[in-house]
Structures are given as structure tokens and as C-alpha cells.
Amino acid sequence: MLWKRRNAISTDTMAHEQHEVRDAYERGRRDERRARKRHPIMMSLTFAAALVGGVVLVLAAKEGSFARSGGIVDHSLAAATNRAEPVVMDAARDLKAKTFKETES
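Remember, the numbering used here sits 81 above the position in the sequence shown when you count from 1.
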């Protein structure tokens with residue numbers, strides 16, 4: 082006989098096997114999560130780099146070339162640096178003055 086009928090599997094056995102499979106799956110997920118811990122700062126830096134890359138790609142598509150979009154990014158960064166430098170220097174000067182006043186007291 083080529084075709085034999087298989088015995089029916091009881092529902093208790095199937096439920097037990099499904100429970101074992103589900104438990105093994107959850108244990109595997111926990112083990113993988115533990116093995117792949119991610120540092121939040123590194124993930125933030127990776128996300129920021131991806132975001133900057135996306136902006137550059139959008140600018141390149143809008144301007145028609147990477148050279149022109151790079152020029153726009155350079156110009157924007159230079160303008161931001163020129164505006165931010167005096168503010169940072171003033172904050173550093175204020176912090177230095179406060180630190181010396183507190184140490185002298």
C-alpha cells in the first residue's frame with residue numbers, strides 16, 4: 082500500500098507542542114535582545130548621520146547635482162558657525178567668570 086492513513090494527533094498533544102514552540106520562541110527573542118544591546122548615544126548618532134545623508138540626497142535631487150547641494154550645505158554650515166561662535170564664546174566667558182568668583186569666595 083502506498084498511501085497509509087496516519088493516526089490523528091490528539092488536540093492535547095498539539096496544544097502542548099504549540100506551547101513548547103511558543104516558549105522556545107520567546108526564550109530565543111530574549112537571548113537575542115540580550116546579545117544585541119545597543120548604546121543609545123551611538124544609535125542617536127547613527128540616526129543623525131542618516132538624517133543628514135537624507136537631507137543631502139534631497140538637496141542633490143532638487144539642485145540637480147551633488148556639487149551644488151554640497152555648496153548649499155557648506156554655505157549653511159558657515160552661516161550657522163558665524164552666528165553661533167560669538168554666543169558660545171560669551172557663554173564660555175560667563176562660565177569662566179562665575180567659576181573664578183565661586184572659587185575666590
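Just so it is clear, CB atoms sit at the ideal spot from N, CA and C, and this is done for glycine as well.
These figures come from a predicted structure and were not determined experimentally.
{"Asked": "Could you say if the segment 125–140 and the segment 149–157 meet the contact criterion of at least three C-beta pairs nearer than 8 Å?", "Found": "yes"}
{"Asked": "I need the DSSP call for Arg119, collapsed to helix, strand or coil.", "Found": "coil"}
{"Asked": "By DSSP, does Gly145 sit in helix, in strand, or in coil?", "Found": "coil"}
{"Asked": "Can you give the Cα-Cα distance for His156 and Lys118, rounded to whole angstroms?", "Found": "38 Å"}
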